[in-house]
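Single-structure report; data block below.
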Amino acid sequence: MKKLTILFIFSFPFFSQSQIINVESIRRVTDTVGWSGFARLDLHLIKNRNTIFGISNRIRVQYKTGKHLWLFMNNVNFREANSQKLISRNSQHLRYNYRFDPKIALEAFFQHQEDEIAAIRFRGLVGSGLRFKLTKSEEYKLYLGSLVMYENEKIVEDIIRTNNDWRSSSYFSMSLFPKENISVVSTTYFQPRFDFFADFRVSSQTTFTFKIVKNLRFSSTFTYLFDEFPAANIPKEQYRLTNGIVYTF
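Position one of the sequence shown corresponds to residue 142 (my numbering), numbered consecutively onward.
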């Protein structure tokens, strides 16, 4: 059955955009075979005292067959007012999983990212590692990932600073279903440099959802980012709280 989802969001916008992409948020249940996902394109044109133009695009695609799983996500967000750029950020992430054991999978990924708000002119990542399934229960699912990645990054400060680093990229993901009408999904990433462990990033996203009536749900998501060495004039901590009502039919 096809479902149409309408989401009304009440957001506290303390957060520009997570510098660590939460791939766990786009995974479908592991027994979903074939293609799944969605694509969205939004165009904005506002004319009042100012002329505001914007374009945003979101694509989420998963393909699973046998022991193989492919994940792709694309985010584009651009805004300008009176021909002056306000926001320009985009990211693309491709991930491959090969499950050679019921509880262990090999992961590999590529990522491209640009975010002018966070002073990231360019960030390219490539990495690989293992993903462990820690539980068998359907009431709660726990996963642990341990990967190694290479990062090429250009940061815009007084001059353009280029970083070429090897980092660990570890994550812990949990999905809890204490009752039929309640779910809690959370993922936390930890990414330190191997040669300078004090240079690390932490990103965490937790979503709490409960059913109000048959097709109406309330959803609350808290996203937190900490970067020990961000670009100049960028705060170490960023966070966002988003509350929404979801109706499906």
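Each residue gets a CB set at the ideal place from its N, CA and C atoms; glycine is no exception.
Asked                                                                                                                                                            : Found
Taking the Cβ atom as the reference point for each residue, do PHE263 and GLU294 lie within a distance shorter than 8 Å?                                         : yes
Is the stretch 355 to 365 touching the stretch 285 to 300 in the sense that three or more CB pairs, one from each, lie closer than 8 Å?                          : no
Out of LEU210, PHE273, GLN233, which has the shortest C-alpha to C-alpha gap to ILE200?                                                                          : GLN233
Going by C-alpha to C-alpha distance, which of ALA372, LEU247, ARG190, GLN379 sits closest to SER344?                                                            : GLN379
Could you check the C-alpha separation between ASP299 and ALA373 for me, to the nearest Å?                                                                       : 8 Å
In angstroms, rounded to a whole number, what distance separates the CA positions of LYS244 and ILE162?                                                          : 24 Å
Here's a check: name, in chain order, each residue in its chain whose Cβ is nearer than 7 Å to the Cβ of PRO376, leaving out the five neighbours to either side. : none
For the beta strand (DSSP E) that contains GLY270, what are its first and last residues?                                                                         : 261 to 274
What residues match up with PHE179 in a beta bridge as DSSP calls it?                                                                                            : ARG201
Report the three-state DSSP secondary structure of VAL164 (helix, strand or coil).                                                                               : helix
I'd like to know whether the C-beta atoms of GLY270 and HIS253 end up nearer to each other than 8 Å.                                                             : no
Please classify SER224 as buried or exposed, where buried requires at least 16 other C-beta atoms within 10 Å of its C-beta.                                     : exposed
Can the beta-carbon of PHE318 be found less than 8 Å from the beta-carbon of SER324?                                                                             : yes
Among residues of its own chain, excluding the 5 on either side of SER229, which ones have a beta-carbon nearer than 6 Å to its beta-carbon?                     : PHE219, GLU257
Rounded to whole angstroms, what is the Cα-Cα separation between THR171 and THR383?                                                                              : Below a pLDDT of 50, predicted positions are generally treated as unreliable, and THR171, at 49, falls in that range; no measurement from the model is reported.
Is ARG240 helix, strand or coil by DSSP?                                                                                                                         : strand
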